[in-house]
Amino acid sequence: MSDFNPLMNFKLQRVQKAPDSDRFSSSPAWTQDAQYEIVDPETQKTWGFVCIDNTQRGPGLGGIRMAPNITLNEVSRLSRVMTHKNSAACIPYGGGKAGLVLNDPAFLSDPQTRAMLMEKFADALFELENYVPAPDMGTNEKDVQIIHNNHSQKLGTQKHSRGGAGRPINKGGIPIDDWELTAHGLFSAIKVIESVDESLDLSKTNFIVQGFGNVGAPTAIKLQEAGATLVGASDINIALWNSKGLDVHLLNKVRKEIGGLRNYPLEVEKKFSQDKLDWLLEAPCDVMVPCARPDAITAKNVDRVQCRYILQGANTPSSKPIEYYLHHRHNILSLTDFIVNAGGVIGCAVERNMIIDDSYADKVKQIGVRTYVENLICNTISNNVLENYTRMKNCKGYIFRDAATELATERLFSQEMWL
Numbered sequence: 004m005s006d007f008n009p010l011m012n013f014k015l016q017r018v019q020k021a022p023d024s025d026r027f028s029s030s031p032a033w034t035q036d037a038q039y040e041i042v043d044p045e046t047q048k049t050w051g052f053v054c055i056d057n058t059q060r061g062p063g064l065g066g067i068r069m070a071p072n073i074t075l076n077e078v079s080r081l082s083r084v085m086t087h088k089n090s091a092a093c094i095p096y097g098g099g100k101a102g103l104v105l106n107d108p109a110f111l112s113d114p115q116t117r118a119m120l121m122e123k124f125a126d127a128l129f130e131l132e133n134y135v136p137a138p139d140m141g142t143n144e145k146d147v148q149i150i151h152n153n154h155s156q157k158l159g160t161q162k163h164s165r166g167g168a169g170r171p172i173n174k175g176g177i178p179i180d181d182w183e184l185t186a187h188g189l190f191s192a193i194k195v196i197e198s199v200d201e202s203l204d205l206s207k208t209n210f211i212v213q214g215f216g217n218v219g220a221p222t223a224i225k226l227q228e229a230g231a232t233l234v235g236a237s238d239i240n241i242a243l244w245n246s247k248g249l250d251v252h253l254l255n256k257v258r259k260e261i262g263g264l265r266n267y268p269l270e271v272e273k274k275f276s277q278d279k280l281d282w283l284l285e286a287p288c289d290v291m292v293p294c295a296r297p298d299a300i301t302a303k304n305v306d307r308v309q310c311r312y313i314l315q316g317a318n319t320p321s322s323k324p325i326e327y328y329l330h331h332r333h334n335i336l337s338l339t340d341f342i343v344n345a346g347g348v349i350g351c352a353v354e355r356n357m358i359i360d361d362s363y364a365d366k367v368k369q370i371g372v373r374t375y376v377e378n379l380i381c382n383t384i385s386n387n388v389l390e391n392y393t394r395m396k397n398c399k400g401y402i403f404r405d406a407a408t409e410l411a412t413e414r415l416f417s418q419e420m421w422l
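Mind the numbering: the sequence shown is residues 4 to 422 in our numbering, read in order.
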């Protein structure tokens with residue numbers, strides 16, 4: 004983000020719909036669909052977007068995504084996913100999402116400039132009382148802490164329900180990435196499928212991870228510890244394929260270096276360059292774990308996907324029509340994103356409830372914060388996967404997403420909380 008100026012200010016600008024845009028709308032009646040651009044008032048340059056999809060269960064909770072080509076449409080779609088995710092998990096939050104347009108990757112390595120950007124972003128967010136930011140692709144716990152500090156200063160207290168969740172542990176937060184909470188939920192989900200589907204045995208399973216980052220890497224480690232073999236992995240630099248297996252711990256080490264998985268030193272059967280990263284999705288495996296951007300599987304490659312299960316670590320890695328096609332034409336089971344990757348938002352909900360409810364905080368601390376959170380994630384996601392799998396089997400023509408959407412919509416208007 005080479006043109007970022009510390010003296011500039013950010014302002015939220017409501018995006019107005021065209022008067023006739025809803026005449027054939029498929030949006031359900033419960034959506035609020037509030038959309039904002041983050042702009043520099045002097046230049047009118049757009050620096051990002053915030054979308055609040057629904058606040059029926061509480062303020063819209065969802066991460067801040069930072070990418071060079073983030074769009075309003077992507078942020079809006081993801082905010083709907085967050086509505087479903089938070090509702091299905093029975094936490095007191097609606098759905099929201101934010102995106103910042105990052106044009107210069109070198110920006111990520113400049114802590115001072117990054118901190119100034121997040122400070123400006125926090126100023127703009129303060130007027131939105133019904134959005135709770137959290138870490139997401141391209142952002143981290145420190146970024147959210149900057150927002151929290153900014154709002155604390157404005158409110159004159161550290162004890163408040165504003166300013167984000169998923170903060171560093173030494174600041175009273177629950178670190179989503181450091182504790183690998185999303186991966187913990189993904190592993191819980193596939194273990195349930197193993198228990199109900201006799202054709203799946205993780206100890207005899209091979210798998211691919213698309214997006215070997217903060218979610219993909221710990222998920223791979225957990226699957227390997229269960230006996231599964233990683234045969235493919237990718238990041239933004241390269242995709243690697245080796246039918247005899249890849250060294251998960253070595254990949255986890257090099258992913259943090261400049262060049263990422265390009266630094267993997269062992270022999271592999273195939274390497275795909277940056278313009279062919281998606282080819283890895285066509286490689287044969289038992290379990291595919293997409294953990295990158297939306298729309299990894301589309302009409303362009305759906306007939307070349309050769310897995311048996313898709314464990315959706317990413318949000319919206321495929322659309323509902325694509326999942327219908329995968330299920331009914333190729334007998335591939337896609338485990339819906341907002342059910343299986345909800346570990347992070349569950350951790351965020353616990354963190355925020357501990358801030359505002361002292362008796363709840365005491366209960367969590369007696370058990371141990373990490374133990375409490377991991378148990379809650381495992382129980383919530385395991386129960387939801389089993390419920391959705393049962394509904395899918397009992398309703399002719401259903402795919403997993405049908406059951407998941409049905410469940411999330413039912414709970415949207417419920418007062419039930421699983422904290």
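Yeah, the Cβ is synthetic: ideal placement off N, Cα and C, and Gly gets one too. Values in this document were obtained by computation on a predicted structure and should not be read as measured data.
- Between the alpha carbons of Q38 and E77 lies a distance of about 12 Å.
- Assignment of P44 by DSSP, reduced to helix, strand and coil, places it in the coil class.
- Sequence-distant Cβ neighbours of K174 in its own chain, meaning closer than 7 Å and more than five residues away, are Q148.
- In this model, D181 and T374 are separated by some 14 Å (Cα to Cα).
- Within the region 286 to 364, the complete beta strand (DSSP E) segments at least 3 residues long are 290 to 293, 312 to 314 and 336 to 338, listed from N- to C-terminus.
- Following the DSSP letters along the chain, one finds R68 inside the beta strand (DSSP E) bounded by residues G63 to A70.
- I211 is bridged by DSSP to G235 and M291.
- L15 and L120 have their C-alpha atoms spaced approximately 15 Å apart.
- G214 sits close to S237, with the two beta carbons spaced by under 9 Å.
- Rounded to the nearest whole angstrom, the CA to CA distance from L254 to M69 is 24 Å.
- In the DSSP assignment, N255 falls within the alpha helix (DSSP H) that extends over V251 to V257.
- Under the criterion of beta carbons closer than 8 Å, E326 and R404 qualify as touching, at roughly 5 Å.
- When C-beta atoms of the region 376 to 385 are compared with those of the region 41 to 58, fewer than three pairs fall below 8 Å, so the two segments do not count as touching.
- In the three-state reduction of the DSSP assignment, W282 falls in the helix class.
- T49 carries a strand assignment under DSSP once its states are collapsed to helix, strand and coil.
- Of the residues T208, S385 and V212, the one whose Cα lies closest to the Cα of M291 is V212.
- Shown here, L415 sits in a helix according to DSSP, grouped into three states.
- Inter-residue distance for H333 and V308 is about 9 Å (C-alpha atoms, whole angstroms).
- Here C294 has V212, Q213, G214, F215, G216, V218, G219, T222, G316 and A317 as same chain residues with Cβ atoms under 8 Å from its own Cβ, once five neighbours each way along the sequence are excluded.
- Excluding the 5 residues flanking it on each side, V199 has same chain C-beta neighbours closer than 8 Å at L389 and Y392, in chain order.
- Apart from the 5 residues on each side of it in sequence, E183 sits with its Cβ closer than 6 Å to the Cβ of P221 in its chain, given in chain order.
- Taking a C-beta distance under 9 Å as the contact criterion, A137 and A168 qualify as a contact pair.
- Between D36 and G98, the beta carbon gap of about 10 Å keeps them out of contact (Cβ cut-off 8 Å).
- In this structure, DSSP gives G400 a state outside helix and strand, which the three-state scheme calls coil.
- Under the three-state reduction of DSSP output, G159 falls in the coil class, being neither helix nor strand.
- Beta bridge pairing from DSSP links C54 with Q38 and K100.
- Under the Cβ criterion (8 Å, minimum of three pairs), the region 188 to 197 does not count as touching the region 267 to 277.
- For the pair R60 and A411, the Cα-to-Cα distance works out to about 11 Å.
- Around the CB of M420, fewer than 16 other CB atoms lie within 10 Å, so the residue is classed as exposed.
- Distances from the alpha-carbon of L233 to those of W244, N240 and I239 put W244 closest.
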